[in-house]
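2 protein chains.
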Amino acid sequence: MAGASPAGPELDRLIQLLARLPGLGPRSARRAVLHLIQKRDQLLEPLADALRLVADRVTICSTCGNLDTRDPCSICRDQRRDASVICVVEDVGDLWALERAQATTARYHVLGGVLSPLDGIGPDDLRIGELIERARDPAVSEVIVALNATVEGQTTAHYVTDLLAEANVKVTRLAHGVPVGGELDYLDEGTLAAAIRSRQPF
Amino acid sequence: MAGASPAGPELDRLIQLLARLPGLGPRSARRAVLHLIQKRDQLLEPLADALRLVADRVTICSTCGNLDTRDPCSICRDQRRDASVICVVEDVGDLWALERAQATTARYHVLGGVLSPLDGIGPDDLRIGELIERARDPAVSEVIVALNATVEGQTTAHYVTDLLAEANVKVTRLAHGVPVGGELDYLDEGTLAAAIRSRQPF
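In order, the protein sequences belong to chains A and B. First residue of the first sequence? That's 1 in the UniProt record's numbering, and the numbers climb one at a time after it. First residue of the second sequence? That's 1 in the UniProt record's numbering, and the numbers climb one at a time after it.
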């Protein structure tokens with residue numbers, strides 16, 4: 001009898017690796033592998049190729065921390081972007097979210113995380129020094145601190161803002177308020193108070 | 001501005017393919033890709049290699065329908081397995097489940113699905129002919145129909161059992177009853193009735 005691992009070493013290894021992706025566990029990884037093999041031409045082969053391509057080509061932009069096949073990345077190289085504004089985000093997922101929303105024409109700076117003493121993540125583990133360096137460039141006039149409205153995000157925002165005081169730039173943060181489409185009855189008190197405080201002329 | 005797909009073509013393609021795996025969607029696929037790139041050496045590279053290996057090597061056993069790098073598969077070639085008993089399962093996931101439980105020393109026959117007229121899946125789409133052929137072998141004395149206790153599973157079980165009547169074999173099915181560790185209060189009436197009907201001496 002094959003015992004505890006009936007799938008054989010190749011499939012077992014694939015299942016174990018897939019199970020380490022966020023959102024998947026051992027059971028869903030097994031289902032995913034069976035699905036892949038059922039769709040060999042449409043899914044398994046293209047996925048193997050796509051992963052290899054990403055592993056070989058995608059690199060981290062040495063300027064902003066974005067992911068791209070070129071360094072500097074396509075955003076840093078895009079002359080149509082506003083080089084005078086830097087938008088600071090926690091990770092590349094947040095950068096993607098802002099880009100999907102076409103929310104800004106600024107360039108980005110990816111910190112690579114937030115300060116979290118409990119997890120042992122201090123200022124030196126983030127790309128904060130590089131940010132201050134970029135902000136000192138006279139061409140830069142504004143830094144938008146677009147960090148998550150969580151405790152760690154806001155702690156990091158305050159830390160970064162303090163350091164940016166020495167660079168001669170305007171520092172702004174995202175507005176707090178009612179999400180578009182949001183219902184007042186479902187919002188927390190902090191958001192409602194902020195929305196009233198920052199009320200705008202109609 | 002990069003518009004709707006800020007991640008670039010290589011990452012976009014990987015996200016799209018991962019999003020087609022069961023259990024993942026576009027959002028979790030994006031998170032998975034960022035996680036992969038953060039763990040390039042521990043996860044991205046090994047996963048790319050493991051997928052390529054599976055794509056190149058894993059094949060379907062022409063005897064039983066199991067997945068393996070060899071044909072016949074390691075279970076069909078294992079002389080310690082009982083060649084006189086064939087255990088019929090719906091898919092390879094069910095075969096793996098029975099093997100993990102070390103539930104049987106029988107060899108397997110993977111149907112590759114269940115009859116489902118609504119989905120256009122008829123007898124010719126399943127490996128039913130091959131099963132009858134194997135069951136006709138005089139060395140085979142029993143076929144265990146280990147299909148799911150769902151409507152489609154049981155319909156298929158009846159269909160297969162009828163066809164097996166002409167082959168000279170004993171046909172058995174899995175016992176219905178209280179799952180080990182199960183609480184009566186949470187079980188459906190059908191299961192409880194079956195458990196009483198099939199009660200055993202203590």
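In this text, a Cβ means the ideal position worked out from N, Cα and C, and glycines have one as well.
Measuring only the C-alpha atoms, how far is residue i from residue j?
{"i": "A:Ala-50", "j": "B:Leu-14", "result": "5 Å"}
{"i": "B:Ser-116", "j": "A:Ala-194", "result": "56 Å"}
{"i": "A:Ile-121", "j": "A:Asp-94", "result": "19 Å"}
{"i": "A:Arg-57", "j": "A:Gln-154", "result": "34 Å"}
{"i": "A:Gly-181", "j": "A:Arg-81", "result": "29 Å"}
{"i": "A:Leu-184", "j": "A:Gly-190", "result": "12 Å"}
{"i": "A:Ala-103", "j": "B:Glu-10", "result": "23 Å"}
{"i": "A:Gly-3", "j": "A:Ala-106", "result": "Residue placement at A:Gly-3 is poorly supported in this model, since its pLDDT is 43, which falls under 50; the coordinates are not used for a value here."}
{"i": "B:Lys-39", "j": "A:Thr-150", "result": "25 Å"}
{"i": "A:Leu-131", "j": "A:Tyr-108", "result": "10 Å"}
{"i": "B:Gln-200", "j": "B:Leu-147", "result": "23 Å"}
{"i": "A:Asn-66", "j": "A:Val-92", "result": "6 Å"}
{"i": "B:Leu-192", "j": "A:Pro-6", "result": "32 Å"}
{"i": "B:Ala-55", "j": "B:Pro-46", "result": "14 Å"}
{"i": "B:Pro-138", "j": "A:Asp-12", "result": "35 Å"}
{"i": "B:Glu-99", "j": "B:Ser-74", "result": "12 Å"}
{"i": "B:Met-1", "j": "A:Trp-96", "result": "Residue placement at B:Met-1 cannot be trusted, given a pLDDT of 38 that sits under 50; what the coordinates show is reported in the next sentence. Their Cα atoms are separated by approximately 12 Å."}
{"i": "A:Cys-76", "j": "A:Arg-70", "result": "10 Å"}
{"i": "B:Arg-52", "j": "A:Ala-48", "result": "5 Å"}
{"i": "residue 205 of chain B", "j": "A:Leu-21", "result": "The question about residue 205 of chain B has no answer here: the residues shown for chain B are numbered 1 through 202."}
{"i": "A:Phe-202", "j": "A:Glu-90", "result": "33 Å"}
{"i": "A:Gln-79", "j": "B:Thr-59", "result": "50 Å"}
{"i": "A:Asp-119", "j": "B:Asp-119", "result": "50 Å"}
{"i": "B:Asp-41", "j": "B:Leu-34", "result": "13 Å"}
{"i": "B:Ser-28", "j": "A:Ser-28", "result": "13 Å"}
Mapping the DSSP letters down to three states, classify residue i as helix, strand or coil.
{"i": "B:Gln-111", "result": "The sequence given here has Leu at residue 111 of chain B, not Gln. Three-state result, B:Leu-111: coil."}
{"i": "A:Leu-53", "result": "helix"}
{"i": "A:Ala-106", "result": "strand"}
{"i": "A:Leu-47", "result": "helix"}
{"i": "A:Glu-183", "result": "coil"}
{"i": "A:Arg-134", "result": "helix"}
{"i": "A:Thr-150", "result": "coil"}
{"i": "A:Ser-198", "result": "coil"}
{"i": "A:Gly-93", "result": "helix"}
{"i": "B:Leu-21", "result": "coil"}
{"i": "A:Val-33", "result": "helix"}
{"i": "A:Ala-101", "result": "coil"}
{"i": "B:Pro-6", "result": "coil"}
{"i": "A:Val-178", "result": "coil"}
{"i": "A:Arg-127", "result": "coil"}
{"i": "A:Ala-165", "result": "coil"}
{"i": "A:Gln-42", "result": "helix"}
{"i": "B:Cys-73", "result": "coil"}
Might you give, ordered along the chain, the residues of its own chain that have their beta carbon closer than 8 Å to the beta carbon of residue i, omitting 5 neighbours on each side?
{"i": "B:Leu-24", "result": "Leu-18, Ala-32"}
{"i": "A:Leu-126", "result": "Leu-111, Gly-112, Gly-113, Val-114, Leu-115, Thr-156"}
{"i": "A:Pro-72", "result": "Cys-61, Ser-62, Thr-63, Cys-64"}
{"i": "A:Tyr-159", "result": "Leu-115, Pro-123, Ile-128"}
{"i": "B:Glu-166", "result": "Ile-132"}
Apart from the five residues on each side of it in sequence, which residues of its chain come closer than 7 Å, Cβ to Cβ, to residue i?
{"i": "B:Ala-175", "result": "Ser-198"}
{"i": "B:Arg-30", "result": "Ile-15"}
{"i": "A:Ala-143", "result": "Contrary to the premise, residue 143 of chain A reads as Val rather than Ala in this sequence. Same-chain partners within the cutoff: Ile-86, Val-88, Ala-135, Leu-164, Val-169, Val-171."}
{"i": "B:Val-140", "result": "Ser-84, Ile-86, Arg-134, Val-169"}
{"i": "B:Leu-187", "result": "Val-178"}
{"i": "B:Glu-152", "result": "Val-114, Leu-115, Ser-116"}
I'd like to confirm the pairing. Which residues does DSSP put opposite residue i in its beta bridges?
{"i": "B:Glu-142", "result": "B:Val-85, B:Lys-170"}
{"i": "A:Ser-116", "result": "A:Ile-121"}
{"i": "B:Leu-67", "result": "B:Ile-60"}
Since I believe residue j is in contact with residue i (beta carbons under 8 Å), could you give me their beta-carbon distance rounded to a whole number of angstroms?
{"i": "B:Ala-110", "j": "B:Cys-64", "result": "In the sequence as displayed, the identity of residue 110 of chain B is Val instead of Ala. Rounded, the Cβ-Cβ distance is 6 Å, consistent with contact."}
{"i": "residue 224 of chain A", "j": "B:Asp-68", "result": "Nothing can be reported for residue 224 of chain A, as the shown portion of chain A is limited to 1 through 202."}
Enumerate in chain order the residues of its own chain whose CB-to-CB distance from residue i is below 6 Å, with the five nearest sequence positions on each side excluded.
{"i": "B:Asp-162", "result": "none"}
{"i": "A:Leu-43", "result": "Leu-36"}
{"i": "B:Pro-26", "result": "Ala-19"}
{"i": "B:Arg-173", "result": "Val-145"}
Please tell me whether, using a cut-off of 8 Å, the distance from the CB of residue i to the nearest non-hydrogen atom of the ligand HEM is below it.
{"i": "A:Ala-149", "result": "The ligand HEM is not part of this structure, which contains no ligands at all."}
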